[in-house]
Amino acid sequence: MSLADHQSHFLDLADLPDGKLRHLLNSAHKRKAVRAGKPKGTLDDDAPLAGYLLAMIFEKPSTRTRLSFDMGMRQLGGQTVILNQSDMQLGRGESIADTAEVISRFADLAMLRTGPHETLSELAAHAHVPVINGLTAYSHPCQIVADLMTFEEHKGALAGQKLAWLGDGNNVALSFVHAAAQLDFELALATPADFSIAHAEIKAAQDKGAKITLCETAAQAADKAAALVTDCWVSMSDDPAEAQARATAFGPYQVTQDLMDMGDAPIFMHCLPAYRGSEVTAEVIDGAASVIFDEAENRAHAQKAIMLHCMGAAPEASL
Ligand code: CP
Ligand code: NVA
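The sequence shown begins at 917 in the numbering used here and counts up one residue at a time.
In structure tokens form, the structure reads like this:
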């Protein structure tokens, strides 16, 4: 794998050098600020990725990731092509390595949504252009840039604040763990024992300074939290046949108004798609403290910061 000078993959928050996540958040806030009042089909004033093409490969479904990368790249002046697995030779057994070489001949930047993280690693290993993790079963780093940006909009500086994660110790939860090692917030995790984040991941983050609390109950996590965060109980890479067992295990972690009342005027966060009546009650997700659609919108602003980082561009210098 050889990337041009200053170009980088964006595979996991755990890979970022110190200070980079903060820099991405600052860039995302700034890029959002300069869009105020502009129609969505117009370019950003600096159009810093004019002439560049983003290829997006989807081996799993997506609404927000697809829309936000597409709109974000176009507003940066670039162009996009969307490739669904079912339409690609990848779906008929062509190797990831060959696909990576071919994509590198056509596109300047690639994004992959897939199940196995190894597929992403292999694409990045063979691509000659930057590769972005658009979600794997292991992690969802783009989501967490948007989520932390959203938190800061509603609750101010992250330092010293408590975010509570309730439910499945899944890909989104793990990217929060990775972020906690980069930024100065407390992450309280309440997950059933059978669905917790791997101990080695927690320890690796703690060794880098993450303030992570493992909670016995949802109430303990919610106590004085500034945000309650959850996700679906059955992720795209999970076996749907496990749905009933998961619902039983996760029942005590459903985000209810009673739990919200234990927090410190908390916001409610969810990456979406959501299932009302499962991981969260309709009262909470449709209530005044819910910021779910800000999170969805912020995917685009965050994605811009990420793409500019990958391309080695100065994200805000030209605005
Ligand atoms: N949150 C998120 O990644 O949404 P999509 O699955 O719709 O892309
Ligand atoms: N944990 C979810 C996130 C969806 C954006 C999944 O992987 O399906």
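Ideal Cβ positions, reconstructed from N, Cα and C, are used throughout, including at glycine.
Handout entry: Reduced DSSP secondary structure (H/G/I, E/B, other) of H1070
Key = helix
Handout entry: Cα-Cα separation between V950 and A1163, rounded to whole angstroms
Key = Rounded to the nearest angstrom, the two C-alpha atoms are 43 Å apart.
Handout entry: Best match in L1051, Q1059, E1017 for proximity to A1238 [C-alpha to C-alpha]
Key = Nothing in the structure corresponds to residue 1238, since the chain is present only between 917 and 1235.
Exercise for the section: Have a look at V1088, L937, F1067 and flag the residue whose alpha-carbon is nearest the alpha-carbon of Q1059. Expected result: For Q1059, the nearest C-alpha among the options comes from V1088.
Handout entry: heavy atom of the ligand CP below 7 Å from C1148 C-beta
Key = no
Handout entry: Where the beta strand (DSSP E) containing M1027 begins and where it ends
Key = Per DSSP, M1027 belongs to the beta strand (DSSP E) from 1025-1029.
Handout entry: Q1219 beta carbon near the ligand ADP (any heavy atom closer than 7 Å)
Key = As far as ligands go, the structure on display features the ligand CP and the ligand NVA and does not contain the ligand ADP.
Handout entry: Rounded separation between S1194 and L1074 - CA only
Key = 28 Å
Exercise for the section: Determine, using beta carbons only, whether A1097 comes closer than 8 Å to chain C. Expected result: Considering every chain present, this structure includes no chain C. It has just one protein chain.
Handout entry: Contacts around K1140, its chain only, beta-carbon distance under 7 Å, and the 5 residues preceding and following it disregarded
Key = K1078, G1179, D1180
Exercise for the section: Can you tell me which of L1090, A966, V1047 puts its alpha carbon nearest to the alpha carbon of H1115? Expected result: L1090
Problem - Residue ranges of each alpha helix (DSSP H) within the stretch 1108-1144, 4 or longer - result: 1115-1123, 1134-1138
Practice task
Kindly indicate which three-state DSSP category F1166 falls into: helix, strand or coil?
Solution key: It is helical.
Handout entry: Same chain, Cβ closer than 6 Å to S1153, neighbours up to 5 away in sequence not counted
Key = G1031, A1053
Problem - Own chain residues within Cβ distance below 6 Å of A1229, not counting five before or after - result: P964
Problem - From I1048, P955, A1026, A1109, residue whose alpha carbon lies closest to that of Y1169 - result: A1109
Practice task
Please look up how many angstroms separate the CB atoms of L1175 and L1130, rounded, as I've assumed it's under 8 Å.
Solution key: L1175 to L1130, Cβ: 17 Å. No contact.
Problem - Spatial neighbours of A1157 in its chain, beta-carbon cut-off 6 Å, leaving aside the 5 residues before and after - result: No residues qualify anywhere along the chain.
Exercise for the section: With E1102 as the anchor, note down where its alpha helix (DSSP H) starts and where it stops. Expected result: Per DSSP, E1102 belongs to no alpha helix (DSSP H); it is in the beta strand (DSSP E), 1102-1106.
Practice task
For V1244, name the three-state secondary structure that DSSP assigns.
Solution key: With the chain represented from 917 up to 1235, any question about residue 1244 goes unanswered, as that position is not in the structure.
Practice task
To the nearest angstrom, report how far apart H922 and C1226 are at their CA atoms.
Solution key: 8 Å
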